[in-house]
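Engineer: Below are the structure tokens for one structure; questions will follow.
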Ligand SMILES: Cc1cc2nc3c(=O)[nH]c(=O)nc-3n(C[C@H](O)[C@H](O)[C@H](O)COP(=O)(O)OP(=O)(O)OC[C@H]3O[C@@H](n4cnc5c(N)ncnc54)[C@H](O)[C@@H]3O)c2cc1C
């Protein structure tokens, strides 16, 4: 039986000394905790907010090698990501699935130059996947392109290139990682912040954490501390030494969600070159269409960044170039923003920077604090192996062979999944645990499409949800799909959580906080 959050906190309080404490419960930290637990180490992970509350719930939802990196000539990176794509498809087929992509070709440039240029690039992309290849890039004539991606702008369309990649439910995958790590003995606790580091003889010897639900503080001793706090990595580095300069130069990415009617298709659309030279996607996801993203530098690091007006205009403008029915501001159901942890070039980072790479960075400070940031969701597992290799090479952790997670199925993973992630949400997202959800009270009571009362109970009992937001933003994705509808059902979710969580749960406050948040996601003004 899976331990409750409160039980995990008690076990943390009783743990004499751990091998490893991981700070941050996004893709990166959860990957490290799972890998270390799978290798038999004594591990704890603390997440200040909720699993994937940061960048890890705000991805474009693609499990991919990154066509963009290929264009930059970064072949090794693409190859690694394609290998990890294959691992993810195998280890969590209820949450990670193949998706076909259409790259539309317009006008004379499309007929000649772009067809061959992008065709060659995508064929190379397929080949780099090796045994994990998902299909071959094909040229589609105009009629076939419109059939494959209804909703595509037809005038001047000469055809399209079709290739295959992966998509996922990022926040549910993060929760699955947390639960799989817990099943392997890791003490993984959300709503628990690191508020300080402790040192002995100039070396990091543990962390001071605060349970945000109770205010209780705990001192955790550990041989090794990994700082996996995404864009907040520098704040934790400064807990180690106050005068540290910034490792990161973050930027933000906006996504807009519109109805499926704008892209009534199971294929995504890739725009390989927007007017500012980026890629843009229109992705069918959980019954809606995601449009994005942008890349705008910003110096501050809010937990809930707001979109800039120009970013919304940019996405709507670029979408109008590929969709037959251009969406307007009034069509936007939800807008959400993720902060990208971009690592500055090595020469701007003093200290031990030999391990910095363009994609992710692992930095072992003189104090022994290990910081990891950058990279992408798709490669979280490979990043975790890299982090543990550094910890072991520096003698911070005992050596254990790598590879423990390559074929490790995540909680709920079925053999195969019969539902596409592009379809509306439902019980299929629970994989082998669907029967447990069905057995809970309220399994026939739908609060919103794809969200039953039983799912809320399951979120509280088994998925560590402790607030209305935890349920509606990350166990269900309703906030990301339709923020107004999420606000409408929030009172009923709060009432079910009050039954499940009892006295410690302040339903009125949790509801008020969520209502405020949902109003922001619903607004693109
Ligand atoms: C717009 C956008 C789109 C993207 N799309 C894709 C995509 O389609 N596919 C893909 O593979 N990748 C994508 N990425 C990249 C991917 O999302 C990120 O690389 C990944 O989510 C980063 O995870 P992380 O764990 O490092 O950071 P985060 O997810 O931000 O996790 C850090 C965590 O640390 C916690 N924390 C902070 N301070 C403390 C503290 N003191 N104590 C405890 N906890 C703390 C935070 O609450 C947070 O949850 C995208 C990124 C962006 C910005």
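Numbering (the working numbering), first residue to last: 2 to 526.
Every residue, glycine too, gets a C-beta built ideally from N, C-alpha and C.
Small disclaimer: the values here were computed from a predicted structure and weren't measured.
Can you name, in chain order, every residue of its own chain whose Cβ lies under 8 Å from the Cβ of residue 470, other than the five neighbours on each side?
Structural biologist: 51, 480, 511, 514, 515 and 518
Engineer: In the DSSP assignment, find the beta strand (DSSP E) that holds residue 194 and state where it starts and stops.
Structural biologist: That run of the beta strand (DSSP E) goes 193-201.
Engineer: Just to confirm, is the Cβ distance from residue 363 to residue 182 under 9 Å?
Structural biologist: no
Engineer: What are the partner residues of residue 271, as DSSP defines its beta bridges?
Structural biologist: In DSSP, residue 271 forms a bridge with 282.
Engineer: What did DSSP end up calling residue 323 once you bin it into helix, strand or coil?
Structural biologist: coil
Engineer: Once you ignore the five residues that flank residue 351 on each side, which residues in its own chain have a CB closer than 7 Å to its CB?
Structural biologist: With a pLDDT of 45 at residue 351, under the threshold of 50, the predicted position of this residue should be treated as unreliable, and no value is reported.
Engineer: With a Cβ-Cβ cutoff of 9 Å, do residue 228 and residue 373 count as a contact?
Structural biologist: yes
Engineer: Can you name, in chain order, every residue of its own chain whose Cβ lies under 6 Å from the Cβ of residue 144, other than the five neighbours on each side?
Structural biologist: none
Engineer: Does residue 170 come out as helix, strand or coil in the three-state DSSP assignment?
Structural biologist: coil
Engineer: In chain order, what residues of the same chain have a beta carbon less than 6 Å from the beta carbon of residue 257, not counting five sequence neighbours either side?
Structural biologist: Cβ neighbours of residue 257 beyond the five flanking positions: 292, 316, 333 and 336.
Engineer: According to the Cβ coordinates, are residue 289 and residue 255 closer than 9 Å?
Structural biologist: Not in contact: residue 289 and residue 255 (Cβ atoms no closer than 9 Å).
Engineer: Quick one: is residue 117 buried, meaning 16 or more other Cβ sit within 10 Å of its Cβ, or exposed?
Structural biologist: Classification for residue 117: exposed.
Engineer: Any heavy atom of ligand 1 closer than 8 Å to the CB of residue 171?
Structural biologist: yes
Engineer: Could you have a look at residue 228 and say whether DSSP puts it in helix, strand or coil?
Structural biologist: Strand at residue 228.
Engineer: So, is residue 379 buried or exposed, given that buried needs 16 or more other C-beta atoms within 10 angstroms?
Structural biologist: buried
Engineer: Under DSSP, the beta strand (DSSP E) around residue 20 begins and ends at which residues?
Structural biologist: 19-24
Engineer: Per DSSP, what kind of secondary structure is residue 260 in: helix, strand or coil?
Structural biologist: strand
Engineer: Starting from the C-beta of residue 108, find all residues in its chain whose C-beta is less than 6 Å away, skip the five residues before and the five after it, and write them out in chain order.
Structural biologist: 157
Engineer: If we define contact as Cβ-Cβ less than 9 Å, is residue 188 a contact residue for chain E?
Structural biologist: Among the chains of the structure shown, chain E does not appear; only one protein chain is present.
Engineer: What number of angstroms, rounded off, separates the C-alpha of residue 16 from the C-alpha of residue 252?
Structural biologist: 38 Å
Engineer: DSSP three-state label for residue 527, please.
Structural biologist: Nothing can be reported for residue 527: it is not among the residues displayed for the chain, which extend from 2 to 526.
Engineer: Do residue 367 and residue 120 have their C-beta atoms closer together than 9 Å?
Structural biologist: no
Engineer: Buried or exposed: residue 353, going by 16 or more other Cβ atoms within 10 Å of its Cβ?
Structural biologist: In this prediction, residue 353 scores a pLDDT of 41, lower than 50, which makes its location untrustworthy; the coordinate-derived value is nonetheless stated afterwards. Residue 353 is exposed by the Cβ-count criterion.
Engineer: Taking the alpha carbon of residue 425 as the point to measure from, which residue in 139, 482 and 309 has its own alpha carbon closest?
Structural biologist: 482
Engineer: Between residue 521 and residue 393, what straight-line distance do the alpha-carbon atoms span, to the nearest angstrom?
Structural biologist: 44 Å
Engineer: Taking 9 Å as the threshold (C-beta atoms), are residue 85 and residue 431 in contact?
Structural biologist: By the CB criterion at 9 Å, residue 431 and residue 85 fall outside the cutoff.
Engineer: Answer with buried or exposed for residue 329, where buried requires no fewer than 16 other C-beta atoms within 10 angstroms of its C-beta.
Structural biologist: Label assigned to residue 329: exposed.
Engineer: How long is the line joining the alpha carbons of residue 27 and residue 386, rounded to whole angstroms?
Structural biologist: 16 Å
Engineer: Can you tell which of 42, 282, 486 and 493 has the C-alpha that lies nearest to the C-alpha of residue 104?
Structural biologist: 282
Engineer: Measuring CB to CB, does residue 339 end up less than 9 Å from residue 360?
Structural biologist: no
Engineer: What residue range does the alpha helix (DSSP H) around residue 81 cover?
Structural biologist: 76-92
Engineer: What residues are listed by DSSP as bridge partners for residue 106?
Structural biologist: 160
Engineer: Please list the terminal residues of the continuous alpha helix (DSSP H) segment that includes residue 118.
Structural biologist: 116-129
Engineer: Could you check where the beta strand (DSSP E) with residue 361 kicks off and where it finishes?
Structural biologist: In the DSSP annotation of this structure, the continuous segment of the beta strand (DSSP E) that includes residue 361 starts and ends at 361-365.
Engineer: Going by beta-carbon coordinates alone, are residue 167 and residue 64 separated by less than 9 Å?
Structural biologist: yes
Engineer: Closest by CA to residue 272, which one among 106, 99 and 473?
Structural biologist: 106
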